[in-house]
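Trainee: Everything in the sequence shown is counted per our numbering, starting at 285 for the first residue and increasing by one.
Beta carbons: idealized from backbone N, C-alpha and C, even for Gly.
Small disclaimer: the values here were computed from a predicted structure and weren't measured.
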Amino acid sequence: MKIEKITLREIGMPLVSFFETSFARMHQRRMLLVEAVVDGITGWGEVTCGEHPFYNHEFTDAAAALLREFAVPMVLGKTIAHPRDVPALLAPIRGNAMAKAGVENAIWDACARRAGQPLWQYIGGTRKEIACGVSIGIKNSVADLLTDIAREVAAGYQRIKIKIKPGWDVTVVEQVRGEFPGIALMGDANSAYTLEDLDHLRRFDAFNLMMLEQPLWYDDIYQHAKLQAAILTPVCLDEAIHHARDVETAAALAACRIINVKLGRVGGFTSALATHDAARRSGIPVWCGGMLESGIGRAHNIALSTLENFSLPGDVSASARYWQEDVIEPAVTVSAKGTLTPPSGPGIGFEVKLDRIQRHQAWEQVFLA
Ligand code: OSB
Ligand code: MG
């Protein structure tokens, strides 16, 4: 199969409401979309990095430069037998997993379409129903947060994740628990703490949280092992996991009991499959994390979530929580019991609406083999 053409586009869309983490408040997203033509068949990918290098080192403008100058020329005109051959083409580029994943995942979509199969089946997924959770950002007030949680619980979502940071943590969780004693609840700190905060972090043990996501340094596994040994709440790693070897390290050190697999952060489907397999071998359940994706990235996350070891509800939620109008048709919707059925059409299984993309488009660049 020949990679004949790649089109890069940047789109910008306002979020329906702001999303705040321990590192930033986001009002809009600038996203890079990758359209790859393989043997005459088009596939779509999305680069999931943020606009700023605050979640990881990648950011939209840097990813665009990396794709133009390095990643696209490395794959263009090349012949592959299977999309799992793409990482070897991109291997000279160190890091930059999300930019590379945008290219690789577009090729996976094209190849699944060429095979006439839904992408989720093409990658070996088996789940016919995916459990969905939501990620709720830091709000202006606890009252605002409780209102948002009530809405998402009423909508059926199976797990509520709230963002936490020093000053918006134990007392907030205490109030949420007071109001919603029975919900599956977790906190995501996005690396806002250090081991100096151990006594403070131990206070979360009183609230029966499903997990505490990446409380310590974004690039650390070992200190998380010390934390996990000292608290009852399961630790979940997000930022620190880049590939299957990190899962092996985390398992060997007992640094966490749960892992968040983000398709972009681990560098695309080939690495995500290996990461998933490594976690399964280690007896660590995983769930699919999100990066405020457009419908294209959302569709990829749905496919990934059908793998067997994605046994916990992920941050895979409805398009309408983020976008006035998504770039795919139909929009992603979640059932009243907080589930989602993977689509039956070939590839990502959603129609990509080019007219909507063009309406939000900042620029496009076409690369021909
Ligand atoms: O840590 O999971 C995270 C969004 C941006 C950056 C980091 C994270 C998140 C989320 C959003 O939690 C999840 C979603 O897309 O719904
Ligand atoms: Mg996270």
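What residues come near the ligand MG, if near means a beta carbon less than 7 Å from any of its heavy atoms?
Mentor: Selection output, chain order preserved: Asp-472, Asn-474, Glu-497, Gln-498, Asp-522, Glu-523, Asn-544 and Gly-573.
Trainee: Just to confirm the assignment: which complete alpha helix (DSSP H) runs, minimum length 4, are found wholly within the region 486-516?
Mentor: You should have 506-514.
Trainee: Give the range of the alpha helix (DSSP H) segment to which Arg-565 is assigned.
Mentor: By one-based count along the sequence shown, residue 565 stands at place 281. Run containing Arg-565: 553-565, per the alpha helix (DSSP H) assignment.
Trainee: Using CA coordinates, which residue listed in Ile-287, Met-310 and Trp-328 is at the minimum distance from Arg-293?
Mentor: For this step, residue 293 is matched to residue 9 along the sequence shown. Here the closest residue by C-alpha is Trp-328.
Trainee: From the DSSP secondary-structure annotation, give me the bridge partner or partners of Gln-645.
Mentor: As a first step, residue 645 is located in the sequence shown; it is residue number 361 there, counting from the start. Its beta-bridge partners are Ile-295.
Trainee: Buried or exposed for Ser-589, please, with buried defined as at least 16 other CB atoms from any protein chain shown within 10 angstroms of its CB.
Mentor: In the sequence shown, the residue the question calls residue 589 occupies position 305. Ser-589 should be labelled buried.
Trainee: Tell me the rounded alpha-carbon separation between Ile-568 and Ala-535.
Mentor: Your numbering for residue 568 matches position 284 in the sequence shown. Your numbering for residue 535 matches position 251 in the sequence shown. Rounded to whole angstroms, Ile-568 to Ala-535 spans 8 Å at the Cα level.
Trainee: Check whether the Cβ atoms of Tyr-606 and Leu-299 lie closer than 8 Å to each other.
Mentor: The sequence position of residue 606 within the sequence shown is 322, counting from 1. The sequence position of residue 299 within the sequence shown is 15, counting from 1. Yes.
Trainee: Among Arg-461, Val-370 and Gly-408, whose alpha-carbon lies nearest the alpha-carbon of Ala-434?
Mentor: Within the sequence shown, residue 434 is the residue found at index 150, counting from 1. When each option's Cα is compared against that of Ala-434, the closest is Arg-461.
Trainee: Under 8 Å Cβ to Cβ from Glu-523, same chain only, skipping five residues before and after it: list those, please.
Mentor: Residue 523 sits at position 239 when you count from the first residue of the sequence shown. If we look at Glu-523 and ignore the five residues flanking it on each side, its Cβ neighbours are Tyr-339, Asn-340, Asn-474, Ser-475, Gln-498, Tyr-502, Asp-503 and Arg-549.
Trainee: For Cys-333, name the three-state secondary structure that DSSP assigns.
Mentor: The residue you call residue 333 lines up with position 49 of the sequence shown. Coil, per DSSP.
Trainee: Please report the distance separating the alpha-carbon of Thr-291 from that of Ala-365.
Mentor: Numbered from its first residue, the sequence shown carries residue 291 at position 7. Numbered from its first residue, the sequence shown carries residue 365 at position 81. Distance between the alpha carbons of Thr-291 and Ala-365 is about 22 Å.
Trainee: Suppose the cutoff is 6 Å on Cβ atoms and the five residues either side in sequence are ignored; what does the same chain contact list for Ala-528 look like?
Mentor: By one-based count along the sequence shown, residue 528 stands at place 244. Excluding residues within five positions, the ones whose Cβ falls inside 6 Å are Ala-558, Thr-559 and Ala-562.
Trainee: So which of Val-322, Val-356, Phe-307 and Ser-306 has the shortest CA-CA distance to Gln-649?
Mentor: For the purposes of this step, residue 649 is taken as residue 365 along the sequence shown, with counting starting at 1. The option with the nearest alpha carbon to Gln-649 is Val-356.
Trainee: Is Asp-504 near the ligand OSB, with its Cβ less than 7 Å from a heavy atom?
Mentor: In the sequence shown, residue 504 corresponds to position 220, counting from 1. Incorrect: Asp-504 has no Cβ contact closer than 7 Å to the ligand OSB.
Trainee: Starting from Gln-459, follow the alpha helix (DSSP H) in both directions and report where the run begins and ends.
Mentor: As a first step, residue 459 is located in the sequence shown; it is residue number 175 there, counting from the start. Run containing Gln-459: 454-463, per the alpha helix (DSSP H) assignment.
Trainee: What three-state label does DSSP hand Val-611 in the structure shown?
Mentor: For the purposes of this step, residue 611 is identified with residue 327 of the sequence shown, where counting begins at 1. Residue state, collapsed to three classes: coil.
Trainee: Report yes if the C-beta of Met-494 is less than 7 Å from at least one heavy atom of the ligand OSB; otherwise report no.
Mentor: Sequence index remark: in the sequence shown, residue 494 carries index 210 (1-based). No.
Trainee: Would Ile-391 and Pro-626 qualify as a contact pair, given that the criterion is a beta-carbon distance under 8 Å?
Mentor: Position 107 of the sequence shown, counted from the first residue, corresponds to residue 391. Position 342 of the sequence shown, counted from the first residue, corresponds to residue 626. Not in contact: Ile-391 and Pro-626 (Cβ atoms no closer than 8 Å).
Trainee: Can you tell me which residues form a DSSP beta bridge with Val-544?
Mentor: For the purposes of this step, residue 544 is taken as the residue at position 260 of the sequence shown. For the sequence presented, residue 544 should be read as Asn rather than Val. Beta-bridge pairing links Asn-544 to Trp-571.
Trainee: Going by beta-carbon coordinates alone, are Val-600 and Gly-574 separated by less than 8 Å?
Mentor: Residue mapping note: residue 600 aligns to position 316 of the sequence shown, counting from 1. Residue mapping note: residue 574 aligns to position 290 of the sequence shown, counting from 1. In contact: Val-600 and Gly-574 (Cβ atoms closer than 8 Å).
Trainee: At a threshold of 7 Å, does Thr-305 count as lining the ligand OSB (C-beta to nearest heavy atom)?
Mentor: Taking the sequence shown and counting its residues from 1, one reaches residue 305 at position 21. Answer for Thr-305: yes, Cβ within range of the ligand OSB.
Trainee: Closer than 8 Å by C-beta to Leu-351: which residues in its own chain qualify, once you throw out the five before and the five after it? Chain order, please.
Mentor: Position 67 of the sequence shown, counted from the start, is the residue given in the question as residue 351. So the list reads Leu-292, Leu-316, Val-318, Val-331, Ala-383, Gly-386 and Val-387, once near-sequence residues are dropped.
Trainee: Which of helix, strand or coil does DSSP assign to Lys-362?
Mentor: On the sequence shown, residue 362 is found 78 positions in, with the first residue counted as 1. Note: Lys-362 maps to coil in three-state DSSP.
Trainee: Only counting the same chain, and skipping five residues up and downstream in sequence, which positions put a Cβ closer than 6 Å to that of Lys-449?
Mentor: Taking the first residue of the sequence shown as 1, we reach residue 449 at position 165. Contacts found: Ser-306 and Ala-476.
Trainee: So, is His-484 buried or exposed, given that buried needs 16 or more other C-beta atoms within 10 angstroms?
Mentor: For the purposes of this step, residue 484 is taken as residue 200 along the sequence shown, with counting starting at 1. Exposed, because fewer than 16 other Cβ atoms sit within 10 Å of the Cβ of His-484.
Trainee: Among residues of its own chain, excluding the 5 on either side of Met-494, which ones have a beta-carbon nearer than 6 Å to its beta-carbon?
Mentor: Residue 494 sits at position 210 when you count from the first residue of the sequence shown. Cβ within range, chain order: Ala-468 and Met-470.
Trainee: Taking Ala-583 and Ile-295 to be in contact with their CB atoms under 8 Å, please state how far apart those CB atoms are, rounded to whole angstroms.
Mentor: The residue given as residue 583 occupies position 299 in the sequence shown. The residue given as residue 295 occupies position 11 in the sequence shown. The Cβ separation is near 15 Å, so there is no contact.
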